[in-house]
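Visitor: I am attaching a structure below and will ask some questions about it afterwards.
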Amino acid sequence: MKVFKFGGASVKDAEGVRNLSTILKQYSNEYPVVIVSAMGKTTNALEVIAHNVLYNKTELEASIQVVETYHNTIVSELFLNVNHPVFSIVNDLLADLRTILQTNVSTNYNFVYDQIIGFGELLSTTIVSEYLNQFGVENIWLDVRNHIKTDVNYRRANVDWEITEQLIKPLKHNHSIVVTQGFLGSDTKNTTTLGREGSDYTAAIFAYCLDAESVTIWKDVPGVLNADPRYFKEAQLLEQLSYTEAIELAFYGASVIHPKTLQPLQKKGITLYVKSFLNPKAKGTKVNADLGITPKVPCYIVKKQEILICISSLDFSYIVEENISDIFSVLHRFKMKVNLIQNSAISFSICVEDIFNNLEHVLEYFRVSYKVSYVSNVSLYTVRHYNTDATNSITKNKDILLQQRTQDTLQIVTK
Ligand code: ADP
Ligand code: ASP
Ligand code: MG
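Per this note's numbering, the sequence shown starts with residue 42, numbered consecutively.
This is the structure in structure tokens:
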């Protein structure tokens, strides 16, 4: 059994949906499970709606219309018969979204966010599933919230593996393609999400529970490259990677694979392919055990909009275990993602990502007990398998705020 995942870029317009259908037609006898993300940048657009409703913004109506118009345009390009049921299903979903916005009384940002944000995937999978049927690729649309069960940690929910496995396993015997949503799950009553870009992880969850033979994630790039082609013009394709290498790349922020994706696959030895939806015949990247890295070249990862915080004691005393534990409990409480740590006798530096907009709270806590300085908008460069040329190319003409090396990995924070 194969699991496929198509990301937002692959279904960003009507042409994308047609292309996906052409790819799937070739696999229709194998009954793959197909995980689809929200179309294009819909999740960002829904984030704007969530913000507008929670802060009572007058722009709310306009932001809803952006999402409605975008999907209605794609549907009308794909379905020429105006009586096709897809029109009413999509309309109903959009109406449900409006109802949630009008009736919401909760002020719990993360909860409300998840109730709104899930419409991206519900809409995309409905459109894709209906189009596939029209195109002659028979399939079943599945509400993933009935199969992936999580805790109530809205916006970054944790999967209950035991129940999820029980609910997914029966799909093994399906004799049809299954189309379902990435990124979503549910607690006992409500929609939850697995973290931004979490659809890759959904594919891994299905593959794990189904003992699938492979997962293929279809991307707008030829596979995993040794750098993000948006920032490094000469990025090269990595043909083969071990799970460990891929985990390291994802961990340091190579956004082509969601970091949680690899561990479930590694546990069961399920092969991951990263392939281009623009060139589906090309080999792409294969990830499995013991593959090392081919070709063995330096790999570059950049994370932008990081914050470098430097903490020292008020009385020049040493920063010891107790302080470090105190610092981390604050970072954990405010869900700050720590990407780099460096300590000396009297100071402690951390490079963090402020996904939940909590910087001010964190600084407030730190300032009670420490002297604190910070620089925002810094970039964190990581080079795996660095050599002299790679180091020079990364450090050239940059104002380096911090540098750290291990045998395999070089990390640099620059302004
Ligand atoms: P989707 O959400 O459509 O599945 P993403 O946009 O999340 O796809 O991921 C694909 C993008 O990841 C590429 O367009 C590329 O800019 C970026 N990217 C970052 N690092 C790498 C890398 N090492 N190799 C390939 N692509 C990368
Ligand atoms: N649609 C979600 C996002 O944009 C999940 C995903 O695409 O993986 O974050
Ligand atoms: Mg994505």
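Think of the CB as a built atom: it goes at the ideal place given N, C-alpha and C, for glycine as much as any other residue.
Which residues mark the beginning and the end of the alpha helix (DSSP H) in which THR148 is found?
Guide: Note, THR148: premise wrong, no alpha helix (DSSP H); not H, not E.
Visitor: Run through DSSP, which three-state label would ARG237 get?
Guide: Three-state DSSP puts ARG237 in coil, outside helix and strand.
Visitor: Nearest by alpha-carbon distance to LEU87: which of THR436, LYS322, TYR154 and ALA386 is it?
Guide: Comparing Cα-Cα distances from LEU87 to each of THR436, LYS322, TYR154 and ALA386, the minimum goes to TYR154.
Visitor: Count the other CB atoms, across all protein chains shown, that sit within 10 Å of the CB of ASP133; report buried if there are 16 or more and exposed otherwise.
Guide: Classification of ASP133: exposed, given that the 10 Å Cβ count is below 16.
Visitor: Report the option in VAL89, SER62 and LYS43 whose CA atom is closest to the CA atom of LEU319.
Guide: Nearest of VAL89, SER62 and LYS43 to LEU319, Cα basis: SER62.
Visitor: Roughly how far, in whole angstroms, is the beta-carbon of GLN207 from the beta-carbon of PHE120, given that I think they are within contact range, below 8 Å?
Guide: So it is not a contact: roughly 36 Å between Cβ atoms.
Visitor: Taking the alpha helix (DSSP H) that GLY109 belongs to, which residues open and close that run?
Guide: Looking at the sequence shown, residue 109 is not Gly but Glu. Element bounds for GLU109: 101-119.
Visitor: Quick one: is TYR427 buried, meaning 16 or more other Cβ sit within 10 Å of its Cβ, or exposed?
Guide: Classification for TYR427: buried.
Visitor: Can you check whether the C-beta of ASP54 is within less than 9 Å of a C-beta belonging to chain C?
Guide: As a matter of chain content, chain C is missing from the structure shown, which is built from one protein chain.
Visitor: Among ILE258, ASP440 and SER283, which has the Cα closest to the Cα of VAL315?
Guide: Of the candidates ILE258, ASP440 and SER283, the one whose C-alpha sits nearest the C-alpha of VAL315 is ILE258.
Visitor: Hey, quick one: how far does the alpha helix (DSSP H) through GLU286 stretch, first residue to last?
Guide: Where GLU286 is concerned, the enclosing alpha helix (DSSP H) stretches over 284-293.
Visitor: Distance, Cα to Cα, VAL94 vs LEU101?
Guide: The straight-line gap from Cα to Cα measures roughly 6 Å.
Visitor: Within this structure, are the beta carbons of ILE168 and VAL123 separated by less than 9 Å?
Guide: For ILE168 and VAL123, no; Cβs fall outside 9 Å.
Visitor: Would you say the beta carbon of GLU162 comes nearer than 8 Å to a heavy atom of the ligand ASP?
Guide: Yes, the beta carbon of GLU162 sits closer than 8 Å to at least one heavy atom of the ligand ASP.
Visitor: Using DSSP with H/G/I as helix, E/B as strand and the rest coil, what is THR302?
Guide: THR302 falls in the coil class under three-state DSSP.
Visitor: By how many angstroms is the C-alpha of ASP54 removed from the C-alpha of TYR242?
Guide: Approximately 23 Å, taken between the alpha carbons.
Visitor: What are the start and end residues of the beta strand (DSSP E) that includes TYR96?
Guide: Unbroken run through TYR96: none, as it is neither H nor E.
Visitor: Identify, in the order they occur along the chain, each residue of the same chain with its Cβ nearer than 6 Å to the Cβ of TYR293, setting aside the five sequence neighbours on each side.
Guide: The answer, listed in chain order, is ILE342 and THR423.
Visitor: Do ASP137 and VAL193 have their C-beta atoms within less than 9 Å of each other?
Guide: Their beta carbons are not under 9 Å apart, which means ASP137 does not touch VAL193 by this criterion.
Visitor: By how many angstroms is the C-alpha of ASP430 removed from the C-alpha of ASN180?
Guide: Each residue's Cα considered, the two are about 51 Å apart.
Visitor: When every heavy atom of the ligand ADP is checked, does at least one fall within less than 8 Å of the C-beta of SER54?
Guide: Note that residue 54 is Asp in the sequence shown here, rather than Ser. Because no heavy atom of the ligand ADP lies under 8 Å away, the Cβ of ASP54 does not count as near it: no.
Visitor: For the ligand ASP, I want to know if GLU238 counts as a neighbour, meaning its beta carbon is within less than 8 Å of at least one of the ligand's heavy atoms.
Guide: Yes, the ligand ASP has a heavy atom inside 8 Å of this Cβ.
Visitor: State the DSSP-derived secondary structure class of GLU254, mapped to helix, strand or coil.
Guide: In this structure, GLU254 counts as coil in the three-state DSSP scheme.
Visitor: Express the C-alpha separation of THR148 and TYR68 in angstroms, rounding to a whole number.
Guide: C-alpha separation (whole angstroms): 45 Å.
Visitor: Going by beta-carbon coordinates alone, are LYS82 and VAL178 separated by less than 9 Å?
Guide: No, they are not a contact pair.
Visitor: So for GLY223, helix, strand or coil by DSSP?
Guide: Three-state DSSP puts GLY223 in coil, outside helix and strand.
Visitor: For the segment 408-424 and the segment 277-284, state whether three or more C-beta atom pairs, one from each stretch, are separated by less than 8 Å.
Guide: Verdict: no, contact absent.
Visitor: When you measure from the CB of ALA79 to every non-hydrogen atom of the ligand ASP, does any distance come out below 8 Å?
Guide: Within the cutoff, so yes.
Visitor: Mind pulling the alpha helix (DSSP H) runs of 4 or more residues that sit fully within the segment 298-347?
Guide: Taking only runs of at least 4 residues, the alpha helix (DSSP H) segments lying wholly in the segment 298-347 are 303-309.
Visitor: May I ask which residues mark the beginning and end of the beta strand (DSSP E) holding GLN444?
Guide: Looking at the DSSP string, the run of the beta strand (DSSP E) that includes GLN444 is 441-446.
Visitor: Once DSSP output is grouped into helix, strand and coil, what is the label at LEU279?
Guide: Looking at LEU279 - three-state DSSP - the assignment turns out to be coil, as it is neither helix nor strand.
Visitor: Is the segment 435-442 touching the segment 398-414 in the sense that three or more CB pairs, one from each, lie closer than 8 Å?
Guide: Output reads no: the segment 435-442 does not touch the segment 398-414.
Visitor: What is the residue span of the alpha helix (DSSP H) that TYR172 lies within?
Guide: Here the alpha helix (DSSP H) through TYR172 covers 160-175.
Visitor: Quick one: using the 10 Å Cβ neighbour count with 16 as the cut-off for buried, is PHE160 buried or exposed?
Guide: Buried, since its Cβ has 16 or more Cβ neighbours within 10 Å.
Visitor: Is ARG139 near the ligand ADP, in the sense that its beta carbon is under 8 Å from a heavy atom of that ligand?
Guide: Because no heavy atom of the ligand ADP lies under 8 Å away, the Cβ of ARG139 does not count as near it: no.
Visitor: Taking the alpha helix (DSSP H) that GLU405 falls in, what are its first and last residues?
Guide: Note, GLU405: alpha helix (DSSP H), 400-410.
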